[in-house]
Amino acid sequence: MIADVYIELKEGVADPEGEATLKALRLLGFKRVKKVSTVKVFRIDIESRSKEDAEREIEEMCEKLLANPVIQKYNIVWRE
32 MIADVYIELK EGVADPEGEA TLKALRLLGF KRVKKVSTVK VFRIDIESRS
82 KEDAEREIEE MCEKLLANPV IQKYNIVWRE
């Protein structure tokens, strides 16, 4: 089973990389861009007896390592 795990900042948390990219895009003439946010994606190929077990394990990975629960949120999207 393959899952994409999207890690992004929670609302209200500053995103300096996104803001710098927005500024650069506007300087390059892309005036219609309203907002840029950074998102990190992990593609995880996991062996499991069931999708539910795999999802629980990936959630544990997110809580222990992949995401900082204070400032980030995550979303799991299954590819298969």
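Numbering (my numbering), first residue to last: 32 to 111.
C-beta atoms are modelled at their ideal positions from N, C-alpha and C, and glycine is treated no differently.
None of the values given here were measured: they were computed from a predicted structure.
By a beta-carbon distance limit of 8 Å, Leu56 does not contact Lys66. Their separation comes to about 11 Å. In this structure, the straight-line span from the alpha carbon of Ile102 to that of Val108 is close to 20 Å. Beta-bridge annotation (DSSP): Ile77 is not paired with any residue. Distances from the alpha-carbon of Asp76 to those of Ser68, Gly43, Ala85 put Ala85 closest. A residue is called buried once 16 or more other Cβ atoms fall within 10 Å of its Cβ, and Ala34 is buried on that count.
In chain order, Asp35, Val36, Ile38, Leu97 place their CB closer than 8 Å to the CB of Phe73, counting only its own chain and leaving out the 5 sequence neighbours on each side. Using a Cβ distance threshold of 8 Å, Glu88 and Ser79 count as a contacting pair.
When the Cα atoms are used, Met92 and Tyr105 turn out to be separated by approximately 11 Å.
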